[in-house]
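> Can you read through this structure? Questions will come right after.
Numbering (my numbering), first residue to last: 80 to 186.
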């Protein structure tokens with residue numbers, strides 16, 4: 080068996096099936112306050128591993144601020160979005176519990 084590291088840019092995404100992984104990832108790197116995806120959901124769990132910065136997450140009917148060093152888990156089929164807050168660059172790894180991205184955009 081040969082294991083090879085894969086280079087992934089700071090703002091890139093990788094679908095797991097392309098690299099033999101059961102999960103897909105998005106590396107998020109954003110410094111513009113207010114930026115972030117529209118409301119959406121997935122038929123699988125999404126885990127946000129926040130490395131630095133802060134973002135306001137809307138998850139279902141709740142809002143929570145997530146920051147560097149924290150992990151936020153969004154259950155399958157729950158509508159969610161986030162927006163980058165002032166105070167620095169938001170850098171995170173978003174782990175999709177599926178080997179392909181499946182997204183239903185709600186707005």
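Glycine residues also receive a C-beta, built at the ideal position from the N, C-alpha and C atoms.
With which residues is residue 88 paired in a DSSP beta bridge?
Note: residue 88 sits in no beta bridge, so no partner.
> For the structure I just gave you, are there three or more beta carbon pairs, one from the stretch 91 to 109 and one from the stretch 154 to 170, closer than 8 Å?
yes
> Rounded to whole angstroms, what is the Cα-Cα separation between residue 91 and residue 85?
Straight-line Cα distance between these residues: approximately 12 Å.
> What residues match up with residue 105 in a beta bridge as DSSP calls it?
92 and 173
> Please report the Cβ distance between residue 147 and residue 132, rounded to the nearest whole angstrom; I am assuming they are in contact, meaning their Cβ atoms lie under 8 Å.
With 8 Å as the limit, residue 147 and residue 132 qualify as a contact, their Cβ atoms being about 6 Å apart.
> Under the assumption that residue 135 contacts residue 144 (Cβ atoms under 8 Å), give the Cβ distance between them as a whole number of angstroms.
So it is a contact: roughly 6 Å between Cβ atoms.
> Would the beta-carbon of residue 179 fall within 8 Å of that of residue 119?
no
> Only counting runs of 3 or more residues, tell me where the beta strand (DSSP E) segments fall wholly within the stretch 105 to 155, in order along the chain.
125 to 131, 133 to 138, 141 to 146 and 149 to 153
> How would you label residue 151, buried or exposed, when you count the other beta carbons within 10 angstroms and need 16 or more for buried?
The residue in question, residue 151, is buried, as its Cβ has 16 or more Cβ neighbours within 10 Å.
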